[in-house]
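S.K.:
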Amino acid sequence: MSSEEVKVEGACPTDEVRIGVYVCHCGLNIAGVINVKEVVEYAQKLPNVVSAKEYIFMCSAPGQDLIREDIKKCKLNRVVIAACGPEMHEPTFRAVLEEAGLNPYVLEMVSIREGSSWVHYEDPEAATEKAKDMVRMAVARARNLEPLEKMSGEVKQRALIVGGGIAGLASALDLAERGFEVHIVEKKPVLGGHAARMGQLNVEGRKVSGKDLVDYLVKKVKDNPNVHIYTNAEVTKVDGSIGNFTITVKLKPRYVNDKCTSCGKCVEVCPVTAPNEYEYGIGERKAIFLPFEGAYPNQYVIDPETCTFCGKCVEVCPEGAINLDEKEKEITLEVGGIILATGHDPYEPPVGEYGYGLSPKVITLHQLKRLLSEDGPTKGELVIDGKRPRNIVFISCVGSLGTTPNANQYCSRMCCSASLLEALHIKEKYPDAQVFFVHKDVRTYGKDENLYWKAIDNLVKFVRFEESPKVTVGKGEVKVEVEESTIQERLVIPADLVVLVTGMEPPKEIEELRSLFKVGCGGDGFLKEAHLKLNPVESLTGGIYLAGTATGPKSIAESIVAGSAAAAKAASLLSKDTIEVEPIVAVVDEDKCSGCGICVSICPYGAISLEKKEDGTRVSKVDPMLCQGCGTCGAACPSAAIQQNSYKDKQIIPQILAVFER
Amino acid sequence: MKPVMVVGGGISGIQAALDLADQGIKVYLVEKTPSIGGRMAQLDKTFPTLDCSSCILTPKMVEVARHENIEILAYSEVLEINGEAGNFKVKVRKKPRYVDVTKCTGCGVCMKYCPSKVPDEFNLGLSERKAIYIPFPQAIPLKATIDAEHCLWFQKNICRNCEKFCPAKAIDYEQKPEDIELNVAAIIFATGYELIADHSLLTDQYGYGRYANVYTNLEFERLVSATGPTGGEILRRSDGRKPKNIAFIQCVCSRDIRMNPNCSSICCMASVKEGILVREHHPDIEVTIFYMDLRAFGKGYQEFYDRAKEEFGIRFVRSKPATIVENPETKNLILYYEDTHASRYKAEEFEMVVLAVGVKPVVPDSFVPIGEDMFAQVKDPYLDPVASPKPGIYVIGMLNSPKDIPDSVIQGSAAAMKASILACKS
Amino acid sequence: MSKPKVALYWCASCGGCEEATVDLTERLFDLVEAVDIVFWPIAMDFKREDLEKMEDGSIDIAIINGGIRFEEHEEMVKLLRRKSKIVIAYGSCAHLGGIPGLANAYPREEILKFAYEEAPTVINQDRVRPMKKTTVDGMEFELPDFLEYLKPLDEVIDVDYYIPGCPPTPDLTWEAVSKLLSGEIPPKGHVFGSDKSLCHECPLNETKPDEIKLEELKRPHQVVLDRSKCYLTQGVLCMGPVTRGGCEALCIKGGMPCTGCFGPLEGVYNQGAKALSFLASVIDIEDEEKYREMLEKLGFDPIGWFFRYSLAKGMIYRKKGDGE
Amino acid sequence: MLSPKYVVLKKPDLSNELIKLGGDGIKKCYQCGTCTAICPLSKTQTVAVRRMIKKVQLGLEEEVLGDPAPWLCYFCGDCNETCPKDATPGNIMDAVRKYQIINYSIGKFAKIFYDKAYALVSLVVMTIIGLLGMYIFHGEMVTNVVDIDSFISSEILHDAGLVLLAYIVVVMLVHLVNMYRYTKRAIGYGKSAPLGRWISEFFRILIKEALFQSRLLCEEGRSARYFAHIGVIWGFILLFAATGIHFISDSFGLGVPETVPRLVGIIGGIGLLYGGIYYLIRRFEKKELYAKASHLHDWWLLALALGSGISGFLVTIFMYANMAMATYIFYGIHLLFVFYLIVSAPFSKLVHMIYRPFALWFASVWEVEEV
Amino acid sequence: MSDGDGFEPTIVVFACHWCTYQAINLAGTSRMKYPPNVRVIRVMCSGRVDPQFVIEAFKNGADGVLVAGCHPGDCHYVNGNMKTMRRTVMLEKLLQDMGIEKERFRREWISAAEAKKWVEVVTEMVEQVRKLGPLKLAEREVVMNE
């Protein structure tokens, strides 16, 4: 759509305003508290209301037919629906209006469910009065609503995948195979995320490890021409909106180019070490290092935070592959849709919680997985403090269910299955080891129940607790004290190894992600999907989809499925070449605009510009494609010349007045 | 691009159909019963947000009905599938409704005049429907269907009331089943689940079917639902009175080596939700939930479980009651259980008991290979969890493993993605 | 036909509007030629009785300036309304309440207390107050009551046209009167002057950068204004954007930022609130503490800054006494 | 009820031992509590089956040894039927009973009765001792007329009886002390019941449970098994009474007529035989759960009881039939069987006769059941 | 619910769609309870709330006005809430100068997840305003030029 003005011609026939009011029962949700009949009768008496009706489920087909017929029969030109909130069914009812030949934007939804019946169920009269007021306010606003023409914008046939973990790879692969160009931006120097470090994932049948899955996906993604991979890269700026995002990506320097033959000489000379985050803190790595064997890209990288740029590695590198003054580069991408597969961080218990950090005998589940996997620091041998532990105690729900002051409230879903899996691996490898599982509920849901049965069968000792256990770290031995709630005995378990079954937390950089991509977070801190059931992989912001553990704890299999689901949503977007944009953008009344430039300077999207008229004076102009419809300019415009469609002064002021016309 | 067929009109199938159609791919949505909506249509509220189930489902159903790329084949069954991935030839039988769908407006007049009463499957037999019926008010397609087994005309060729009173003259007793052949690139099976309510354990150990006030969780859901037989009022089957207390027993026919070793994933949260619904509308009714491991694993589930305990005062007892004995006069039910947190044997009387019965998938006869644990086999549980071993055939929702609504919706979208790749190649 | 009869009157006014009429200079003569001034108490000795004697509607145009402060003003303007066909509210005070309207921010009792007792220059131990009725050696004196609030003209009588400005510029006055005299009757309630804000006609408008971002706000006396650049962009509050044009930017040309005397544009409900809104929007400070400190330092006086002329219109009037 | 004592895990692989004793359900139980709830005996007093299995799973040896639950159980098998994991709780209870018997016995000597080889060796040793004893002390075998007394004089018998009695009392005391110590630590820790309660419970259990097995009666359809068990119990009591009367009347010369102890003996014998044969048939039928799998220690008790009973009858028959030689031989066999019975009593299944009432006693005193 | 004279204050709330309005919905879905005295007007961004609206609300009898938006850095439109911050700080001073008690006008940052905070703010504000009593406007015929 070219950038000429959004002219609202053929405004709704300015003759008589005819409003239809429809109040929904929503089963008992509304009708259980609010006297719907009273509200309907009240609405009938409001000026310009020609038809007021009620139905048990307005959103259902019969409910929608009710509206369609009324629009035709009573020639309605405004519709007010008092039911659930707009984010639930505004699209649904707009479609109903459109089908009945009425402009979809003369619809006003008022949420008497979330706004009144659900929150004032103890005072039905007040709830009914409030519902009446809300309907009156909605009618006052509806009276001044104007029809708006749908605007469509061009969709760039490219997708951006933020995060190269298992979910990001799954999304990228699906979209690429579907034929769309995909750009993966991974913060770390290698792909695979946490899944690549998860060791063996199953107990019986063909052995599968996290790394096998990542290798399979990476191999397919690497060979697919549609996919472009940027590792060691971060998104720094996001502009534009659905269908037309402009992304600025910073490619952080690797300081090692592809001449590197991984001979490892540089590692020997490198004087600086840091805890190895790819082994979750077990053992250390140098400033220059290969993240892990068989990673992609299989290239050494220098970690700028720990490197002192002493240059020893440069001298010793036979291939001259190290260049310490490699600068960071910046590229921009024009994409239609974005999939956030930004993953999670494992919960890191603070020092002292259950003795963590006070003794090498207290490790987290992730560290255990590293110890048990063949490509781990101890090549799969469970060695703690040089010895093989005989008594291993798992403590579950660390960091979840509020078991400790520092813990989150939510359940991290997959730690029960993951830890029982590791218990079975230990039993398989060391039959004489005694494994205790100190737990609240064992939440091995669905088919994972057989993990629980197999664990019992392998004589894993389950200790159920209500109050959290206490871990005391003595001089050389660790004791776990807990009250077993099903035998009402206080047990002291001498432990050679305590494994804290840690859950998942939102990644540290969740704050930056939020402001960068304008996506919200739920109560648990993870990214919030538009609706848990209606659209579990879409965010509230158009064109941005959420895959994997970004929206909450998931197992690896579930992350891959969520990756495909997010890809499906992105594919729906990219398979269209234009996308309809909400027309609630700002419009300028040129007779009033004095060209004072106030609006130009406060628009965060630079959507307003001053245009020089022939007579030399200046007038503001809005580019509908850039305008995101926030309305800030409308509030600031000193001569009320610029107004936001459907949030104009003449649409809000009547709402304020309606509050008091009791 | 060849069309794709989705078998099963539940929430998972609907989501797959929508995501395919949004990509411009034609979809045939085959549904066995007269209306799409599946099991979710029978639910009142959904956990953990307590949204009313039809507020989520019906708009998607309407979207499916209105989508130009989706053709709904309701009241139809798949007879035969041959061909291979990218080029399947599927024979579908459109079962006769004995109602001309082009004329029927779904006004429901025929239902008023039809004399023959039949237990209503939608309300799990708690109430009755007529021989000519519309499954539920928000059905899509909103068309009547004549159930030949109970129609007096077909059984004893008398009555024909519906024909007399139908304003749209849509009744057509001579309608024949119509077989059509469809050429599709991929087939997604989303045939959903049913409760393992027919196992002898229910009747012997818990007296379901013998004692009036013992319900399954789906029956209770219909009871609590505003569109249910009692309009949301909780009334005992024995004397129609409001119970003073209700007990929920978890893991009935789940995690049980004798018939279903899996955990059904949804019954813990379903019971917590139903408990909250009871406590919310009838604070005078005491609710007790007997559980072994309360599986509140999903997003927002634990907070929902905490609220059930703290805010709604639901009592949770870690125990699996061994048996139920009915007090003949009062029809109350005495539960014999061990409170494992006190290692104490107890017998407690409840006025109503709800069994959280385990689920088993509805298997589309031989089209999909079934694993030994009743659920459909998948090609690769990690890399291709929605594909069945047969190329081009996908299995989603409850058919491939027990899961809740969000996961079913996500699997629907995932299968749509995989099928769209196949469809684009063909 | 006979010359149109014109009446002029002034209420709570500073006399500036009379000055403005006089400022017509030579054109004053043409005016006098053209009209028959039948009532102009300040200029000629007209008494209230003269007005009462006229029949209703006999006056063609009544030009009233000043806000309604006393009961007497109320009576007179009602009388004038009865007597004349067209009433013009002349000048900010009649149009918006003007500077005297600022009194509405304080309750009546507080104003009188300050005026007659607390003012530093007043010595009034026994707290003598002007009385509505007093008898001095047998004679009764009456004083018009000091109204609770000062009201703009259109809140007392029905006003046909407004000539804004404090005072209205002579050209605007002339243009308005000549238009009316020539029979070009604009729609009722028309406010003379331009339909766009001052910025539209302000010579310094082009000098504005694309992005107006005020690092810091300053009071006019704290900065030497560069006369060639838009004053707002120099960090000083200029009411230009929110004030009706038509005054040929006299103040701006005189090196003083606009104070908003021409009143709000059409479609703006509250000039002061709108001024606050646009100024706050262009200040480029995102740290709340720093922002509050700056305002504190400036002695931020919102009523004085934004509501200099339109407080009577923009004020929230609460029942006095138990109100605050 | 939070017991302040700390239960330190010393024996984690306790489960394997009990699995060897027949409790392989331990590898299945996920603690749902159905067994405790379905157990008919729980109605009167909670039979905490589940808790005991958990203690076994956790390797809390002392807790398991102190748990009276196995002795409250009658192995009726209801729990096996309703267990959702098919973990056969009944068999686990049986395994724990055996384990307790072993561990209460001095130096765990009782384990010889759970190992075929040892059992055989012990049998041979006892036979040798028995025969030797008889060989040394026997008088001459009058063949024409049956003279038991001369064959083995009653004095010697009485002396041997006294020695065995002392043996029984001493050994049982040690075992009971072990039992008390474990049970006190497990369920009586920090509890003290008033003496009155001890006494009242003692008599209630002695009469109601020990002698009349009221709990076994509680389930209809099991009366046959009830009468059999009563038969065996009263059989032993009467036989013991018979020898007792005989001994007292001899040593104190009360001159109780010979027929009284004989009559009492015969009635006891009949009871013993009735019960013994009933259980024998059940063991072969393998229908009732407790009889499904019969181990060595089950056969051992049954064989000895029946052996002594039948041999006793044969002796009386042959005696009346005046067949001296047969009488003597069977009298020898009878003495041998009785000797085995008594010697192995504290270590074999028979000891449940003592352990069960004491367990009931401790349980009802310490685990106050709030109704 | 009210004390003494049964005065029920009316609080006009301007809520931004992306944060506060979602919190209001979340309070609904979580069945939280709060006094029914609030009347919510939804705008796309708190930056759309024109100080004129606040003044008009008071001029028409609102006993309290609450402007609620996203936390700094959360705004769906980059910095809409920063403009709200600057406007409301000035507005607070203006309203005080006009004799409106401090508690009658509040600005709060409430994110989409802070349903609890929304309930607390509303409950506290209704309580405070109830103590202050009704706004009691003078009987003046207020003419507004459209």
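Chains A, B, C, D and E, in that order, are what the protein sequence lines are.
Read left to right, the first sequence gives residues 469 to 1130 (this note's numbering).
Read left to right, the second sequence gives residues 6 to 431 (this note's numbering).
Read left to right, the third sequence gives residues 100 to 423 (this note's numbering).
Read left to right, the fourth sequence gives residues 25 to 395 (this note's numbering).
Read left to right, the fifth sequence gives residues 75 to 220 (this note's numbering).
From the three backbone atoms N, C-alpha and C, an ideal C-beta is built for every residue, glycine too.
1. In the DSSP assignment, what are the bridge partners of H907(A)?
2. Based on the DSSP output, what are the partners of H270(D) in its beta bridges?
3. Return the residues of the region 116-135 of chain D that lie within a Cβ-Cβ distance of less than 9 Å from chain A, sorted by chain order.
4. Taking the DSSP output, what are the residues bridged to Q877(A)?
5. Leaving aside the five residues before and after L397(C) along the sequence, list all residues of the same chain whose C-beta is less than 8 Å from its C-beta, in chain order.
6. Would you tell me roughly how many angstroms separate the C-alpha atoms of G762(A) and D691(A), rounded to the nearest one?
7. Relative to chain C, which residues along the region 1049-1067 of chain A have a C-beta separation below 8 Å, given in chain order?
8. Can you give me the C-alpha to C-alpha distance between D642(A) and A421(B), rounded to a whole angstrom?
9. Check the Cβ of A327(B) against every Cβ in chain D and list those closer than 7 Å, keeping chain order.
10. Can you give the Cα-Cα distance for Q96(E) and S431(B), rounded to whole angstroms?
11. Please list the residues of the region 944-960 of chain A that have a C-beta atom closer than 8 Å to any C-beta atom in chain D, keeping them in chain order.
12. Report yes or no: is there a C-beta of chain A within less than 7 Å of the C-beta of S418(B)?
13. Residues of chain B with CB under 8 Å from D110(D), in chain order?
14. What residue does the alpha helix (DSSP H) around E183(B) start on, and which one ends it?
15. In this structure, how does DSSP classify V399(D) when only helix, strand and coil are distinguished?
16. If I'm right that K295(C) touches G344(C) with Cβ under 8 Å, what's the distance once you round it to whole angstroms?
17. So, helix, strand or coil for M59(C), using DSSP?
18. Could you tell me the distance, in whole angstroms, from the CA atom of M469(A) to the CA atom of K1037(A)?
19. If the cut-off is 9 Å on Cβ atoms, which residues from the region 329-357 of chain B count as contacting chain A, listed in chain order?
20. Would you list, in chain order, the members of the region 297-309 of chain B that have their beta-carbon closer than 8 Å to a beta-carbon of chain D?
21. Alpha carbons only, please: which of S238(D), H319(D), A327(D), F337(D) is nearest the one belonging to R286(D)?
22. Quick one: complete alpha helix (DSSP H) runs, 4+ long, within the region 240-326 of chain C?
23. Ends of the beta strand (DSSP E) at M577(A)?
24. Which residues mark the beginning and the end of the beta strand (DSSP E) in which V485(A) is found?
25. For I192(B), tell me which candidate among P394(B), I415(B), S406(B) has the shortest Cα-Cα distance.
26. In this structure, does DSSP put W258(D) in helix, strand or coil?
27. Using DSSP with H/G/I as helix, E/B as strand and the rest coil, what is H588(A)?
28. Using Cβ-Cβ distances below 9 Å, what residues of the region 104-120 of chain E are close to chain B?
29. Please work out which residues of its chain come closer than 6 Å, Cβ to Cβ, to A119(D), disregarding the five sequence neighbours upstream and downstream, and give them in chain order.
30. Contact defined as beta carbons within less than 8 Å: I believe G13(B) pairs with G43(B). What is the distance between those atoms, to the nearest angstrom?
M.R.: Per the coordinate set shown:
1. Indexing the first sequence from 1 puts residue 907(A) at position 439. Answer is R932(A), bridged to H907(A).
2. Translated into positions along the fourth sequence, residue 270(D) becomes position 246. Partner(s): none; H270(D) has no beta bridge.
3. With the criterion set as a beta carbon lying under 9 Å from some beta carbon of chain A, the region 116-135 of chain D has no members that meet it.
4. Position 409 of the first sequence, counted from the start, is the residue given in the question as residue 877(A). DSSP, once it has assigned bridges, lists no residue as partnering Q877(A).
5. Within the third sequence, numbered from 1, the residue matching residue 397(C) stands at position 298. Here the set comprises L316, K317, R318.
6. Counting from one through the first sequence, the residue named residue 762(A) turns up at place 294. Counting from one through the first sequence, the residue named residue 691(A) turns up at place 223. Note on geometry: alpha-carbon atoms of G762(A) and D691(A) lie some 16 Å from one another.
7. Within the region 1049-1067 of chain A, contact with chain C at the beta-carbon level (separation under 8 Å) is assigned to D1059, K1060, C1061, S1062, G1063, C1064, G1065, I1066.
8. Taking the first sequence and counting its residues from 1, one reaches residue 642(A) at position 174. Taking the second sequence and counting its residues from 1, one reaches residue 421(B) at position 416. One Cα belongs to D642(A), the other to A421(B), and the distance between them is close to 11 Å.
9. Your numbering for residue 327(B) matches position 322 in the second sequence. In chain order: T58, A61, I62, T106.
10. Numbered from its first residue, the fifth sequence carries residue 96(E) at position 22. Numbered from its first residue, the second sequence carries residue 431(B) at position 426. Taking the straight line joining both Cα atoms gives about 44 Å.
11. Using a CB distance below 8 Å, the part of the region 944-960 of chain A facing chain D consists of E949, E951, E952, T954, I955, Q956, E957, R958, L959, V960, ordered along the chain.
12. In the second sequence, the residue the question calls residue 418(B) occupies position 413. Yes, S418(B) counts as interfacial toward chain A.
13. Walking along the fourth sequence from the start, residue 110(D) turns up at place 86. The CB of D110(D) comes closer than 8 Å to the CB of I262, R263 in chain B, given here in chain order.
14. Looking up residue 183(B) in the second sequence gives position 178. It is not in any alpha helix (DSSP H) - E183(B) instead sits in the beta strand (DSSP E) that spans 183-189.
15. The structure shown does not extend to residue 399(D), since chain D is modelled only from 25 through 395, so no value can be given for it.
16. Counted from its first residue, the third sequence places residue 295(C) at position 196. Counted from its first residue, the third sequence places residue 344(C) at position 245. K295(C) to G344(C), Cβ: 5 Å. Contact.
17. Since the first residue shown for chain C is 100 and the last is 423, residue 59(C) is missing from the structure and cannot be characterised.
18. Counted from its first residue, the first sequence places residue 469(A) at position 1. Counted from its first residue, the first sequence places residue 1037(A) at position 569. Its pLDDT being 33, under 50, M469(A) is placed unreliably in this model, and the coordinates cannot settle the point.
19. Across the region 329-357 of chain B, CB contacts with chain A closer than 9 Å involve T345, H346, A347, S348, in sequence order along the chain.
20. Taking 8 Å as the Cβ-Cβ cut-off against chain D, the residues of the region 297-309 of chain B that qualify are M297.
21. On the fourth sequence, residue 286(D) is found 262 positions in, with the first residue counted as 1. The candidate whose alpha carbon is nearest that of R286(D) is F337(D).
22. Here the runs fully enclosed are 269-280, 297-300.
23. Start at 1 with the first residue of the first sequence, and residue 577(A) comes out as number 109. M577(A) -> beta strand (DSSP E) spans 575-579.
24. Start at 1 with the first residue of the first sequence, and residue 485(A) comes out as number 17. Counting along the chain, V485(A) falls outside any beta strand (DSSP E), and DSSP gives it neither H nor E.
25. Walking along the second sequence from the start, residue 192(B) turns up at place 187. Comparing alpha-carbon positions, the option among P394(B), I415(B), S406(B) lying closest to I192(B) turns out to be P394(B).
26. Taking the first residue of the fourth sequence as position 1, residue 258(D) is located at position 234. Three-state result, W258(D): helix.
27. Counting from 1 along the first sequence, the entry for residue 588(A) is found at position 120. In this structure, H588(A) counts as coil in the three-state DSSP scheme.
28. Listed by position, the residues of the region 104-120 of chain E near chain B (Cβ gap below 9 Å) are S104, R105.
29. Numbered from its first residue, the fourth sequence carries residue 119(D) at position 95. L42, L45, G46, G47.
30. Position 8 of the second sequence, counted from the start, is the residue given in the question as residue 13(B). Position 38 of the second sequence, counted from the start, is the residue given in the question as residue 43(B). Cβ atoms of G13(B) and G43(B) come within 8 Å of each other, at about 7 Å.
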